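Report on one structure; see the data block that follows.
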Amino acid sequence: MKKVRKRKLCRSQQRCGLRFPLRAGLFLLAGLLCIVGAAACFTYLIQNQIPESLLELKEKYPQTAAFVDSYPWKKNLSFSLDLSEEVAAGTVPLFLQWDERWGYRTYGNNFFAVNGCGPTCLSMVVCGLTGNTDWNPYAVGVFSENSGYYVPGEGTAWSLMTEGAASLGLVSQCGEASAAYISGQLSQGHPIICSMYPGDFTYTGHFIVLTEVDEAGNVAVNDPNSRENSERHWRMEELLPQIHALWSFSEH
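Just so you know, we're using full-length UniProt numbering here: the sequence shown kicks off at 1 and counts up by one.
In structure tokens:
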């Protein structure tokens, strides 16, 4: 029986066989590095197109990340402000100040997304009580600024919630930050706008809307800067220490 002779590879063939996987690995690594580098470069270029105030908004409130990151592409787009599908008289809708429909526009010396909480809250109340969708957040912001209710360097003046609200067809009443007052007004269907101290809702100052009180005495909140805060009910002992001032609203 003949022995089968094994074929010997020449040295050049052996070297090629060893080098091929190595070369393939190096090419793959180089390709991955190029992709990572390009992505980093792209991110850097995009970040440089986003104003500092929006980047700060994203850092403080991560839920605004998608809105902020979309600024370079969406800043010059025109969005419909038709709220007819979102508003029903008798129910206070939730509007966010960083909604792309108005968030990239300006209010005072900054973006509406950054300092438009006051007009957004009043818009929620007007739309909820009257069903009038003409007073979207941006429309209220324009009204506020043109009427002198925006204070440069400070934000929205409290008088927007009194004199300004009256101009929009509402009766406004400055109330006390007590469980009895809040429960009484909400039980009558009178939403309340609160100016808040720094705490669970803000690092500086902020407006929110109290919309209803449940059987346990907890309060539903529409926070124009946070869906998360708006999806839960808050205990009175959580809210009261953070309320700086409040106003209840009804129709004329």
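Note that the Cβ used here is the ideal one computed from N, Cα and C, for glycine as well. For clarity, every value in this text was computed on a predicted model and none was experimentally measured.
Cutting at 7 Å between CB atoms, please list the residues of its own chain near Trp158, excluding the five before and the five after it. Ser195, Ala245
From Val114 to Gly217, what distance separates their C-alpha atoms? Cα to Cα, Val114 sits roughly 32 Å from Gly217.
C-alpha gap between Arg235 and Val221, whole angstroms: 11 Å
Please report the residue range of the alpha helix (DSSP H) in which Phe249 lies. No alpha helix (DSSP H) contains Phe249, which is instead part of the beta strand (DSSP E) from 243 to 251.
Extent of the continuous beta strand (DSSP E) to which Glu212 belongs: 206 to 213
Please go through the same chain and pick out, in chain order, the residues whose beta-carbon is closer than 6 Å to the beta-carbon of Leu170, but skip the five residues on each side of it. Phe249
Using C-beta distances below 7 Å, list every residue in its chain close to Asn86, excluding the 5 sequence neighbours before and after it, in chain order. Note that residue 86 is Glu in the sequence shown, not Asn. Around Glu86: Pro93.
Considering only residues of the same chain and omitting the five flanking positions on each side of Gly199, which have a CB-CB separation below 6 Å? Gln242
Along the beta strand (DSSP E) that carries Gln173, what are the first and last residues, could you check? 170 to 175
How is Val68 classed by DSSP in three states: helix, strand or coil? helix
For the beta strand (DSSP E) containing Met196, list its first residue and its last residue. 192 to 196
Selection from Tyr61, Leu32, Tyr71, Gly103 that minimises the alpha carbon distance to Pro137: Gly103
With respect to the beta strand (DSSP E) encompassing Val221, which residues constitute its N-terminal and C-terminal limits? 219 to 222
Among Asp134, Gly108, Gly116, which one has its Cα closest to the Cα of Ser84? Asp134
List the endpoints of the continuous alpha helix (DSSP H) containing Gly164. Run containing Gly164: 163 to 167, per the alpha helix (DSSP H) assignment.
Given a cut-off of 7 Å on the beta-carbon distance, is the pair Trp247 and Ser172 in contact? yes
Measure the alpha-carbon distance for Glu251 versus Gln49 and round it to whole angstroms. Rounded to whole angstroms, Glu251 to Gln49 spans 44 Å at the Cα level.
Cβ separation of Thr156 and Gly118, assumed to be a contact under 8 Å, to the nearest whole Å: About 3 Å; that satisfies the 8 Å criterion.
Output yes or no for whether 7 Å exceeds the beta carbon distance between Pro191 and Leu96. no
Counting only the same chain and skipping the five closest in sequence on each side, list residues whose C-beta sits under 7 Å from that of Gly141. Tyr107, Phe112, Gly116, Pro119
Distance between beta carbons of Ser230 and Gln63, contact taken as under 8 Å: That belief does not hold up - the Cβ atoms of Gln63 and Ser230 are roughly 11 Å apart, past 8 Å.
Cα-Cα separation between Arg101 and Ser80, rounded to whole angstroms: 7 Å
Between Ile193 and Val125, how many whole angstroms is the CB-CB distance? I'm expecting something under 8 Å. In this structure Ile193 touches Val125 by the C-beta definition: roughly 6 Å separates them, less than 8 Å.
What separation, rounded to the nearest whole angstrom, lies between the Cα atoms of Gly164 and Gly189? 20 Å
Throw me the rounded Cβ distance for the Cys121 and Val209 pair, which I believe falls under 8 Å. 5 Å
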